[in-house]
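J.: One rule links them: number in the working numbering = place in the sequence shown (from 1) + 83.
Every residue gets a Cβ at the ideal spot worked out from N, C-alpha and C, and that includes glycine.
Computed from a prediction, not measured in an experiment: that's the story for all the values here.
One structure, as structure tokens, below. Some questions next.
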Amino acid sequence: MYFLVRGLKNRRYFQRFGERLGLLPGSLRQTEAGGIWLHAVSVGEVLSAVGLLKRLRAEIPGAPLFVSVTTLAGRAAAEDKLRGVADGIFYAPIDYCHIVRRVLRRLRPRMLVVMETEIWPNLYREAKRAGCGLVIVNGRISDRAMPRYRRFRWLFRQVLAWPDAILAQTEISAQRFRELGAPAGRVKTAGNLKYDFEPRDVRVPPAIRSLLDRVAPGRIWIAASTMPPAREGDPDEDEAVADAFQALAPGHPDLLLVLVPRKPERFDTAAAMLQRRGIPFLRRSALPSQEDLPLPGVLLLDSIGELSSLFGLADVVFMGGTLAQRGGHNILEPAFFQRAVITGPHMENFPEIAEKFQAGGGLYAIAGAEQLAGTVAKLLEDNELRARIGQRAGELAEAERGATARAAQEIARLYWRAVPAFRPPAPVAAALWPLSQLWLAGGWLKRTLGRRERLRTPVVSVGNLTTGGTGKSPFVLWLAGKLKARGLQPAILTRGYRRRTAEKYTIVGPGEYADVSRTGDEAQSYLRAAIGPVGIAADRAGAGRLIEERFHPAVFLLDDGFQHYRLERALDIVLIDALNPFGGGAAVPLGSLREGLGALRRAGIVVITRWEEGRKTDGIEAVIRRYNPDVPIFRARVAAETWRPEPPSGPAAAFCGLGNPDSFWQTLRGLGIQPVLKRVFPDHHRYSGRELSRLVEEARAAGAEVLLTTAKDYMNLPGDWKEAIGELRLAWLEIRVEVENEEEFLGAVTAAIFPGL
Numbered sequence: 084m085y086f087l088v089r090g091l092k093n094r095r096y097f098q099r100f101g102e103r104l105g106l107l108p109g110s111l112r113q114t115e116a117g118g119i120w121l122h123a124v125s126v127g128e129v130l131s132a133v134g135l136l137k138r139l140r141a142e143i144p145g146a147p148l149f150v151s152v153t154t155l156a157g158r159a160a161a162e163d164k165l166r167g168v169a170d171g172i173f174y175a176p177i178d179y180c181h182i183v184r185r186v187l188r189r190l191r192p193r194m195l196v197v198m199e200t201e202i203w204p205n206l207y208r209e210a211k212r213a214g215c216g217l218v219i220v221n222g223r224i225s226d227r228a229m230p231r232y233r234r235f236r237w238l239f240r241q242v243l244a245w246p247d248a249i250l251a252q253t254e255i256s257a258q259r260f261r262e263l264g265a266p267a268g269r270v271k272t273a274g275n276l277k278y279d280f281e282p283r284d285v286r287v288p289p290a291i292r293s294l295l296d297r298v299a300p301g302r303i304w305i306a307a308s309t310m311p312p313a314r315e316g317d318p319d320e321d322e323a324v325a326d327a328f329q330a331l332a333p334g335h336p337d338l339l340l341v342l343v344p345r346k347p348e349r350f351d352t353a354a355a356m357l358q359r360r361g362i363p364f365l366r367r368s369a370l371p372s373q374e375d376l377p378l379p380g381v382l383l384l385d386s387i388g389e390l391s392s393l394f395g396l397a398d399v400v401f402m403g404g405t406l407a408q409r410g411g412h413n414i415l416e417p418a419f420f421q422r423a424v425i426t427g428p429h430m431e432n433f434p435e436i437a438e439k440f441q442a443g444g445g446l447y448a449i450a451g452a453e454q455l456a457g458t459v460a461k462l463l464e465d466n467e468l469r470a471r472i473g474q475r476a477g478e479l480a481e482a483e484r485g486a487t488a489r490a491a492q493e494i495a496r497l498y499w500r501a502v503p504a505f506r507p508p509a510p511v512a513a514a515l516w517p518l519s520q521l522w523l524a525g526g527w528l529k530r531t532l533g534r535r536e537r538l539r540t541p542v543v544s545v546g547n548l549t550t551g552g553t554g555k556s557p558f559v560l561w562l563a564g565k566l567k568a569r570g571l572q573p574a575i576l577t578r579g580y581r582r583r584t585a586e587k588y589t590i591v592g593p594g595e596y597a598d599v600s601r602t603g604d605e606a607q608s609y610l611r612a613a614i615g616p617v618g619i620a621a622d623r624a625g626a627g628r629l630i631e632e633r634f635h636p637a638v639f640l641l642d643d644g645f646q647h648y649r650l651e652r653a654l655d656i657v658l659i660d661a662l663n664p665f666g667g668g669a670a671v672p673l674g675s676l677r678e679g680l681g682a683l684r685r686a687g688i689v690v691i692t693r694w695e696e697g698r699k700t701d702g703i704e705a706v707i708r709r710y711n712p713d714v715p716i717f718r719a720r721v722a723a724e725t726w727r728p729e730p731p732s733g734p735a736a737a738f739c740g741l742g743n744p745d746s747f748w749q750t751l752r753g754l755g756i757q758p759v760l761k762r763v764f765p766d767h768h769r770y771s772g773r774e775l776s777r778l779v780e781e782a783r784a785a786g787a788e789v790l791l792t793t794a795k796d797y798m799n800l801p802g803d804w805k806e807a808i809g810e811l812r813l814a815w816l817e818i819r820v821e822v823e824n825e826e827e828f829l830g831a832v833t834a835a836i837f838p839g840l
């Protein structure tokens, strides 16, 4: 009740509470499978992730990118810095199994990327159980944290066995991960993402630039990420900086101090402290303002994510978290701007960086707060010393670039190896498991006890392992056209799913017409293509004999025939959907497999469909090879042919009734179309006028001017669809199939049909 009341008062807290329970926001309700989920806790981790996410967008262009955070400040930074990069931003779920599973089922990611040292046992375990790739990026374990981790080594040994790779910032951190039990072969030293910070990409906010133009400071000192005491005896760094500023002010009348508390909850405390001391100051949140700031004075940067843009303006930078025993903060960003950086004695979180920069002359370290004023004064007054330290800092930072590229390459490698499988919640899965076993048993009985029939004409089956679509009908149509072009007259046998007729056999010759009620929607594409005769019946052997008597084809193509055991065939072509390859790894109704993966042993050729250029299929092929080591594997994709009746223009709403709607969304994305509304209906859905009217209302409310759908769905629209959509326009997409290594594939097919040809 407390959280509810607070949430009603403060929408941000209510949203945070709901999302951490796995109740994701509306923008993530309809996500495409195969995405990358990156978890970054703090503002610093979010900023480190920006370059990595941009690199992943280029490496894996079709993968949706989702970012989770745990803090309000991290959320604000993510929404600001990742706008246009991430497809969704949300608060990370609480680390309870059922909540993590809920989020995984919603996002359906292929890869989980965890930043730095976030070790969440349930998140790790559930991601791996779902078949996701898992990698820790920019991993580090500080001097302060290591003793705590070591005490719970028995737990971390098990947890750290789950990641596929741990990319540590330094060799020290890599060794600590190994000491805690991570498999040595999975831990690599990959460098620090912050070394790849690009100073040219940041811009000073206009409001701050306007203030600086008016005030015109002669010298600028930035006190960055200041912290309160960590324990008794520690200085309050805001107070220490204010002491130093007041000592410097008489001798530096044109000095501007930019004070940047690390934590947002310290903004008001810092403002009260400056006011109490009588130090002139302005808050960043009060800008733009025409109020002048007298010098020497202080700009209190009470904002998130703007500090990086100001380092280039500084003459001297003091990095907070180093006087108090906080372990320090990263000095790389000011180093890239070639600024002289001062730190206190506590850099335990970054020991290698501190050691390297001190040894190389790129850092000025002081022993305590009492030395801060004198050191700042020395660097402000000694231009040569200040420039020399800044130049060395820049050179040392530049020499360590490349961590982002290394991380992106490793993530991409693991991404293509992963084969996710998301199942229902545990109670539902337990209830469905017996039914799944009954389904498998029924399939085994049909396969072993069923009567086999043989036609005079060779039969090629095109089928799959799962319920729902894998693109069988477009593939059959493509193959029929290619065989006919080779002089082999094809005929097509199909069951006519959801046709409405009393006819036992419907035989349609090339160019002949039959209503969709007699054929079902899938067969209509075969009739319109007029490549060869089409037989539609549950008894496909009987339909085949009728076609043999009338048309004498050279080959039959058996649509959706892998589980049609009654009819003998010369070749089984099995299609595997790249977007959902193995149906959750379980049989119907627990998953969507029609039979176990062992059925792959019967395949003569495997084709991975819905593949896209540049996408790898390593993980899928590895599973196939486990059951059928020598089967030829090919890849096919769907390409847009044409829009009917004309190409769409303007904001669009999209709908479809497909076994795998992600295939349609993927095609639209490839065409550069981002629908303002997406709606999914069941496979082979026959639309009613009422449904279309409701869809039109939603589309208009979303600002759509056109409805987009597939040719298959167009076949299932009611006769009065034009009246139902009113002023909106409708466009449906005709597609074509493209097979990689087409000649090799067709050669393998003809060799299987006619071994001596």
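Which residue from D317, T549, G334, F364 puts its Cα closest to that of A450?
T.: Position 367 of the sequence shown, counted from the start, is the residue given in the question as residue 450. Minimum Cα distance to A450 is reached at D317.
J.: Leaving out five residues on either side along the sequence, give the residues of the same chain with a beta carbon under 7 Å from the beta carbon of R649.
T.: Numbered from its first residue, the sequence shown carries residue 649 at position 566. Result list for R649: G533, R534, R535, E536, A624, in chain order.
J.: From E729 to G809, what does the alpha carbon distance come to, in whole angstroms?
T.: Reading the sequence shown from its first residue, position 646 is the one you call residue 729. Reading the sequence shown from its first residue, position 726 is the one you call residue 809. Each residue's alpha carbon lies about 17 Å from the other.
J.: Once you ignore the five residues that flank L654 on each side, which residues in its own chain have a CB closer than 6 Å to its CB?
T.: Your numbering for residue 654 matches position 571 in the sequence shown. Excluding sequence positions up to five before and after L654, its CB lies within less than 6 Å of the CB of V543, G687, A835, all in the same chain and listed in chain order.
J.: According to DSSP, which residues form a beta bridge with N547?
T.: Position 464 of the sequence shown holds residue 547. Residue pairing by DSSP puts N547 in a beta bridge opposite L658.
J.: Comparing alpha-carbon positions, which option in R103, A597, D465 lies nearest G579?
T.: Within the sequence shown, residue 579 is the residue found at index 496, counting from 1. For G579, the nearest C-alpha among the options comes from A597.
J.: On a CA-only basis, which of P147, P541, Q441, A669 is nearest A171? Give me that one, please.
T.: Your numbering for residue 171 matches position 88 in the sequence shown. According to the sequence as given, residue 171 is Gly; it is not Ala. Selected option, being the one with the closest Cα: P147.
J.: Between which two residues does the alpha helix (DSSP H) harbouring S391 extend?
T.: The residue given as residue 391 occupies position 308 in the sequence shown. S391 -> alpha helix (DSSP H) spans 390-393.
J.: Name the two residues that bound the continuous alpha helix (DSSP H) containing F828.
T.: Along the sequence shown, one-based indexing puts residue 828 at 745. Per DSSP, F828 belongs to the alpha helix (DSSP H) from 825-836.
J.: At the level of alpha carbons, what is the spacing between R366 and I691?
T.: Against the sequence shown, residue 366 aligns to sequence position 283. Against the sequence shown, residue 691 aligns to sequence position 608. Their backbone Cα atoms lie some 58 Å apart in a straight line.
J.: Identify every residue that forms a DSSP beta bridge with D642.
T.: Reading the sequence shown from its first residue, position 559 is the one you call residue 642. In the DSSP output, where bridge partners are listed per residue, D642 has V545.
J.: So the alpha helix (DSSP H) F717 belongs to, where does it begin and stop?
T.: The residue you call residue 717 lines up with position 634 of the sequence shown. No alpha helix (DSSP H) contains F717, which is instead part of the beta strand (DSSP E) from 716-727.
J.: Measure the alpha-carbon distance for A782 versus G668 and round it to whole angstroms.
T.: Your numbering for residue 782 matches position 699 in the sequence shown. Your numbering for residue 668 matches position 585 in the sequence shown. Distance between the alpha carbons of A782 and G668: 36 Å.
J.: Could you tell me which uninterrupted beta strand (DSSP E) segments, each at least 3 residues in length, are contained entirely in the region 322-393, listed from first to last along the chain?
T.: 338-344, 364-366, 380-383
J.: Which of the three DSSP states, helix, strand or coil, is assigned to A476?
T.: Working through the sequence shown from its first residue, we reach residue 476 at position 393. DSSP places A476 in the helix class (H, G or I) of the three-state scheme.
J.: Give me the DSSP bridge partner(s) of K761.
T.: Here residue 761 refers to the residue found at position 678 when the sequence shown is read from its first residue. Beta-bridge pairing links K761 to A737.
J.: Does W245 come out as helix, strand or coil in the three-state DSSP assignment?
T.: As a working note, residue 245 is residue 162 in the sequence shown. W245 falls in the coil class under three-state DSSP.
J.: Whole alpha helix (DSSP H) runs in the region 107-191 with 4 or more residues, listed along the chain?
T.: Scanning the region 107-191 for uninterrupted alpha helix (DSSP H) segments of 4 residues or longer gives 126-142, 155-164, 180-190, listed from N- to C-terminal end.
J.: If contacts are defined as beta-carbon pairs under 8 Å, then S428 and I255 qualify, I think. What distance do you get, rounded to the angstrom?
T.: Looking up residue 428 in the sequence shown gives position 345. Looking up residue 255 in the sequence shown gives position 172. Looking at the sequence provided, one finds Pro at residue 428 rather than Ser. Not really, about 18 Å apart at Cβ, beyond 8 Å.
J.: Which residue marks the beginning of the alpha helix (DSSP H) containing L532, and which one marks its end?
T.: As a first step, residue 532 is located in the sequence shown; it is residue number 449 there, counting from the start. Under the DSSP assignment, L532 falls in the alpha helix (DSSP H) whose first and last residues are 509-532.
J.: Applying the 10 Å Cβ sphere with the 16-neighbour rule, what's the burial state of I472?
T.: Against the sequence shown, residue 472 aligns to sequence position 389. Looking at its Cβ environment, which holds 16 or more other Cβ atoms inside 10 Å, I472 is buried.
J.: Need the endpoints of the alpha helix (DSSP H) that E704 sits in, please.
T.: As a first step, residue 704 is located in the sequence shown; it is residue number 621 there, counting from the start. Note, E704: alpha helix (DSSP H), 701-710.
J.: What do you get for S386, buried or exposed, if any count of 16 or more other CB atoms within 10 angstroms of its CB means buried?
T.: Position 303 of the sequence shown holds residue 386. Counting Cβ neighbours within 10 Å, S386 comes out buried, since at least 16 surround it.
J.: Within its chain, find whatever has a CB closer than 6 Å to the CB of I619; leave out the 5 residues flanking it on each side and keep chain order.
T.: Taking the sequence shown and counting its residues from 1, one reaches residue 619 at position 536. So the qualifying residues of the chain are T577, G579, T589, T602, A606.
J.: Looking only at its chain, what residues have a beta carbon closer than 7 Å to the beta carbon of Q408, apart from the 5 residues adjacent to it on each side?
T.: In the sequence shown, counting from the first residue as 1, residue 408 sits at position 325. Cβ neighbours of Q408 beyond the five flanking positions: A313, R314, D317, H429.
J.: Go ahead and pull the three-state DSSP assignment for I202.
T.: Within the sequence shown, residue 202 is the residue found at index 119, counting from 1. Coil.
J.: State the Cα-Cα distance for the pair G134 and Y174, rounded to the nearest angstrom.
T.: Your numbering for residue 134 matches position 51 in the sequence shown. Your numbering for residue 174 matches position 91 in the sequence shown. Approximately 21 Å between the Cα atoms of the pair.
J.: What is the rounded straight-line gap between the Cα of S392 and the Cα of Q492?
T.: Here the question's residue 392 lines up with position 309 in the sequence shown. Here the question's residue 492 lines up with position 409 in the sequence shown. The alpha-carbon atoms of S392 and Q492 are separated by roughly 28 Å.
J.: Which residue spans inside the region 423-510 form an unbroken beta strand (DSSP E) run of at least 3?
T.: 423-426
J.: Would the beta-carbon of V400 fall within 8 Å of that of P417?
T.: In the sequence shown, counting from the first residue as 1, residue 400 sits at position 317. In the sequence shown, counting from the first residue as 1, residue 417 sits at position 334. Result yes, Cβ atoms of V400 and P417 sit closer than 8 Å.
J.: Around the C-beta of S732, are 16 or more other C-beta atoms found within 10 angstroms, so that it is buried, or is it exposed?
T.: Translated into positions along the sequence shown, residue 732 becomes position 649. With fewer than 16 other Cβ atoms within 10 Å, it is exposed.
J.: DSSP on A573, reduced to helix/strand/coil?
T.: Here residue 573 refers to the residue found at position 490 of the sequence shown. Note that residue 573 is Pro in the sequence shown here, rather than Ala. P573 falls in the strand class under three-state DSSP.
J.: Can you list, in chain order, the stretches of the alpha helix (DSSP H) that have 4 or more residues and sit fully within the region 286-314?
T.: 289-298
J.: Among A456, A723, V424, K461, which one has its Cα closest to the Cα of Q474?
T.: On the sequence shown, residue 474 is found 391 positions in, with the first residue counted as 1. Nearest of A456, A723, V424, K461 to Q474, Cα basis: V424.
J.: Bridge partners for K271 per DSSP, in chain order?
T.: Indexing the sequence shown from 1 puts residue 271 at position 188. Answer is L250, bridged to K271.
J.: At the level of alpha carbons, what is the spacing between I362 and M356?
T.: Counted from its first residue, the sequence shown places residue 362 at position 279. Counted from its first residue, the sequence shown places residue 356 at position 273. If you take the alpha carbons of I362 and M356, they lie about 9 Å apart.
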